[in-house]
Amino acid sequence: MQNLNANNITQAVLDSLASTSDPRLKEIMSSLVRHLHDFAREVNLTEAEWFKGIEFLTACGHMTDDKRQEFILLSDVLGLSMLTVALNNDKPAGCTEATVFGPFHVESAPEYALGDNIANGAKGVPCHVSGTVRGLSGEPVAGAVLDVWQSDDEGLYDVQHPGIDHAQARGVLRADATGRFHFRSILAVPYQVPHDGPVGQMLEATGRHPWRPAHLHFMIQAPGYETLITHVFRDRSAYLDSDVVFGVRESLVCDWTEQPDGSYAMAFDFVLNPLPSAPKGAGAA
Ligand code: BEZ
Ligand code: FE
65 MQNLNANNIT QAVLDSLAST SDPRLKEIMS SLVRHLHDFA REVNLTEAEW
115 FKGIEFLTAC GHMTDDKRQE FILLSDVLGL SMLTVALNND KPAGCTEATV
165 FGPFHVESAP EYALGDNIAN GAKGVPCHVS GTVRGLSGEP VAGAVLDVWQ
215 SDDEGLYDVQ HPGIDHAQAR GVLRADATGR FHFRSILAVP YQVPHDGPVG
265 QMLEATGRHP WRPAHLHFMI QAPGYETLIT HVFRDRSAYL DSDVVFGVRE
315 SLVCDWTEQP DGSYAMAFDF VLNPLPSAPK GAGAA
């Protein structure tokens with residue numbers, strides 16, 4: 065017979081996981097149980113408080129659909145997304161750093177030729193974007209695929225506009241044979257993450273603002289290199305010091321310069337991390 069109390073219940077739950085066949089699942093579940101129980105003991109969690117917590121998680125579930133992911137947002141504002149990025153992207157010095165993916169990437173964005181305007185009707189100050197994609201030894205990554213996305217001058221992504229059913233301010237381009245890329249878009253501005261749901265209430269209750277500094281998202285893929293998911297941030301943007309999702313890295317901040325005609329230009333060179341090459345003879349029969 066089990067006779068459990070606040071001191072021995074943790075071990076009982078850990079014991080119940082003993083026959084988990086997947087060792088990694090067992091490790092993760094055991095650690096989660098230990099930390100959750102320690103958390104409850106540390107704050108002396110009341111039943112009413114835990115019920116509030118369950119109501120909060122339920123509200124996150126109700127808010128989530130194929131366009132809105134409240135749980136990713138929760139992970140982002142708690143710094144958990146950025147922590148997992150940091151834990152899993154320990155690249156050699158010289159490689160471009162990674163940052164959070166965010167919830168606004170769309171699969172199969174339209175493909176554009178170098179020099180095209182990816183704004184496709186999105187409103188904003190025109191901005192010319194250029195740069196190179198290189199490997200760690202400085203070699204050009206010919207044909208690197210750049211998936212780019214950003215918000216408009218209202219701080220909204222196309223998918224957040226109820227009336228817009230086509231891609232705006234997002235697109236896929238290929239670097240040329242020398243690793244160079246260039247395209248036109250609009251100037252990124254600071255924006256608020258969606259905060260009309262339970263995560264927004266949590267931010268408000270904890271005295272936090274919902275803003276992100278101005279940035280442009282990039283996902284860069286090329287055979288033989290690690291996929292890079294990152295942003296380029298606009299120098300002197302508001303909120304560089306208090307990004308609500310903790311995604312800023314100094315190395316990703318660059319100057320977006322105003323041109324005589326009032327448009328902007330931004331240039332950024334990316335460095336990809338080569339994948340370890342397969343040992344000779346691997347896969348040979
Ligand atoms: C974004 O940069 O698109 C983003 C990241 C985290 C939460 C919300 C938005
Ligand atoms: Fe963003």
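First residue of the sequence shown? That's 65 in my numbering, and the numbers climb one at a time after it. Where a beta carbon is used, it is the ideal one built from N, C-alpha and C, also for glycine.
Residue j beta carbon less than 7 Å from that of residue i
i	j	result
valine 263	leucine 339	no
phenylalanine 310	glycine 143	yes
methionine 127	glutamate 119	no
valine 193	aspartate 211	no
glycine 117	phenylalanine 332	no
threonine 291	glutamine 285	yes
Span of the alpha helix (DSSP H), counted from its first residue to its last, around residue i
i	result
threonine 242	That residue, threonine 242, is in no alpha helix (DSSP H); it is neither H nor E in DSSP.
phenylalanine 135	134-141
glutamine 285	Run containing glutamine 285: none in the alpha helix (DSSP H); it sits in the beta strand (DSSP E), 279-285.
glycine 264	262-269
leucine 121	111-127
Beta strand (DSSP E) segment containing residue i, residue limits
i	result
methionine 330	328-336
threonine 148	Looking at the DSSP string, threonine 148 is not in any beta strand (DSSP E); the run it does join, the alpha helix (DSSP H), is 144-152.
serine 194	190-199
valine 296	292-298
Residue i: CB within 6 Å of a non-hydrogen atom of ligand 1
i	result
glycine 166	yes
valine 236	no
aspartate 140	yes
valine 257	yes
valine 317	no
valine 312	no
valine 205	no
7 Å Cβ cutoff, residue i in contact with chain C
i	result
aspartate 217	In the structure shown, chain C cannot be found, because there is only a single protein chain.
Alpha helix (DSSP H) runs contained entirely in the segment 70-104, provided each spans 4 or more residues = 73-80
Between the segment 216-223 and the segment 176-189, do three or more beta carbon pairs fall short of 8 Å?
-> yes
Quick one: any contact between the segment 241-255 and the segment 175-185, if contact means 3 or more CB pairs under 8 Å?
-> yes
Three-pair Cβ contact test at 8 Å for the segment 299-318 versus the segment 266-285 = yes
State whether the segment 144-155 contacts the segment 258-274, with contact taken as three or more CB pairs (one from each stretch) at a distance under 8 Å.
-> no
Length at least 3, wholly inside the segment 208-235: the beta strand (DSSP E) runs in chain order = 209-213
Contact between the segment 221-235 and the segment 290-302: three or more CB pairs below 8 Å?
-> no
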